[in-house]
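Each residue of the sequence shown is one higher than the one before, starting from 737 at the first, in this note's numbering.
Below is one structure, written out as structure tokens, with a few remarks after it.
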Amino acid sequence: MVFFSTLKYLFHKAHFFCLLCFVLSFYTFSFADELITEEYQFEVNPQWYSTESYAVQGIIGASRRNGLDERNRVYARPSAAYGLTSETTAIAGLFTAYNQFQTFQDSIEVRPYLGVSYYHGFDGFFDKWGVSGYFRIEDRLRYLTDNWEGEQNWRARLRILGIYTLNSNTKENSWHRIIFGAEVLRTYFNSDDKYGEFDDNFDVESRLSLSIERTLTNKQKIRFNVNWRYQVPFNLIDKAKFSTVVFRIRYYPQWGDLFKNILSRNVDE
């Protein structure tokens, strides 16, 4: 028993060491672009109501993007999640934002979306590892504030996450887990769109992300995230001449008995 316990401990430490090596190489590779735009985000993500089968939640946030298309944004994204199985969840939500630009006209965005998410945790030697993903479709509407001229397109998103658990989420004031992932976004423009009206008007965007979560007191937690966004498919990232690096802090509060998070699934969107 001692032998297997020791072997399991070393196995987990080896995995963690490999993960750190991956992170360092990933970080070095991702900053090899010629032109980088930085964006800073702060978000609050409470669950307003939840049961074992469904949850009503939502993100409230603000961001600032530097560069040629400098932008300030405030946004909200209420959503509802319903458990289809023990690992699969259907999600519906509405993203709304006000964008204030320095060189472009201000705008309001509305994005209703539907999607499905999946989470699977492993057993045995891999019990600290999990995999998560989602697929969703967004109807993207944007209105310029000076004349309320509108435009619309559709976007599909597919994301895969790898999750390594450091400590249980019941252990307060400790590092909970490391999350790294990849996401591809494909935009479908209408034939009558004025190509270029959207500030992110490229067809395909690839994203790489790295996050670390820390548990706080009273079931609260905070997540620190770095997200690299490229306006090319994944197979062309090494040739990208432009990228955006997003630094995000997301706070997960627990507010009173009414807002207890008792949803057993890992729902993150």
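For every residue, glycine included, the Cβ atom is placed at its ideal position computed from N, Cα and C.
Predicted model only: the values in this text are computed from it and were never measured.
Item                                                                                                                                                                              : Value
According to the neighbour-count rule (16 or more other Cβ atoms, all chains shown, within 10 Å of its Cβ), is leucine 771 buried or exposed?                                     : exposed
In whole angstroms, what separates the C-alpha of tyrosine 790 from that of tyrosine 818?                                                                                         : 4 Å
If leucine 944 and alanine 918 are in contact, beta carbons under 8 Å, what's the gap, nearest whole angstrom?                                                                    : 6 Å
Under the assumption that lysine 955 contacts glutamate 949 (Cβ atoms under 8 Å), give the Cβ distance between them as a whole number of angstroms.                               : Actually they are not in contact, since the Cβ atoms of lysine 955 and glutamate 949 sit about 13 Å apart, beyond 8 Å.
So, is leucine 972 buried or exposed, given that buried needs 16 or more other C-beta atoms within 10 angstroms?                                                                  : exposed
Assess, as a yes-or-no matter, whether the region 896-905 is touched by the region 845-852 under the definition of 3 or more beta carbon pairs within less than 8 Å.              : no
Would you tell me roughly how many angstroms separate the C-alpha atoms of glycine 684 and isoleucine 914, rounded to the nearest one?                                            : Past the boundaries of the shown model lies residue 684; the chain is included only from 737 to 1005, so the question cannot be answered.
Determine the closest residue to glutamine 777 out of Glu941, Gln990, Val968 and Asn963, with distance taken between C-alpha atoms.                                               : Asn963
In three-state DSSP terms, what is aspartate 875?                                                                                                                                 : strand
Assuming asparagine 835 contacts arginine 807 under a Cβ cut-off of 8 Å, what Cβ separation, rounded to an integer in Å, is found between them?                                   : 6 Å
Round the Cβ separation of threonine 773 and arginine 801 to the nearest angstrom and send it over; I've been treating them as touching at under 8 Å.                             : 6 Å
Return the CA-CA distance between aspartate 882 and aspartate 974, expressed in angstroms with no decimal places.                                                                 : 39 Å
Starting from alanine 892, follow the beta strand (DSSP E) in both directions and report where the run begins and ends.                                                           : 886-901
Excluding the five sequence neighbours on either side, which residues of its own chain have a C-beta within less than 6 Å of the C-beta of glutamate 1052, listed in chain order? : With the chain covering only 737 through 1005, there is no way to say anything about residue 1052.
Can the beta-carbon of phenylalanine 837 be found less than 8 Å from the beta-carbon of aspartate 805?                                                                            : yes
Can you give me the Cβ contacts of tyrosine 745 inside the same chain, cut-off strictly under 7 Å, excluding the 5 residues immediately before and after it?                      : Per-residue confidence for tyrosine 745 stands at a pLDDT of 46, beneath the threshold of 50, marking its modelled position as unreliable; the derived number appears in the next sentence. So the list is empty, once near-sequence residues are dropped.
Quick check on this structure: which residue in Asp939, Leu952 and His912 has the alpha carbon closest to the alpha carbon of tyrosine 966?                                       : Asp939
Is the beta carbon of phenylalanine 858 less than 8 Å from the beta carbon of asparagine 889?                                                                                     : no
Within 10 angstroms of the Cβ of arginine 876, are there 16 or more other Cβ atoms? Answer buried if so, exposed if not.                                                          : buried
For phenylalanine 858, which three-state DSSP category applies?                                                                                                                   : coil
On the three-state DSSP scale, how would you describe phenylalanine 840?                                                                                                          : coil
Which two residues bound the contiguous beta strand (DSSP E) that contains proline 814?                                                                                           : 807-819
Could you check the C-alpha separation between glutamate 887 and alanine 828 for me, to the nearest Å?                                                                            : 22 Å
Determine the extent of the beta strand (DSSP E) in which valine 962 is found, giving its start and end residues.                                                                 : 957-966
Going by other Cβ atoms of all chains shown within 10 Å of its Cβ, with 16 needed for buried, is arginine 893 buried or exposed?                                                  : buried
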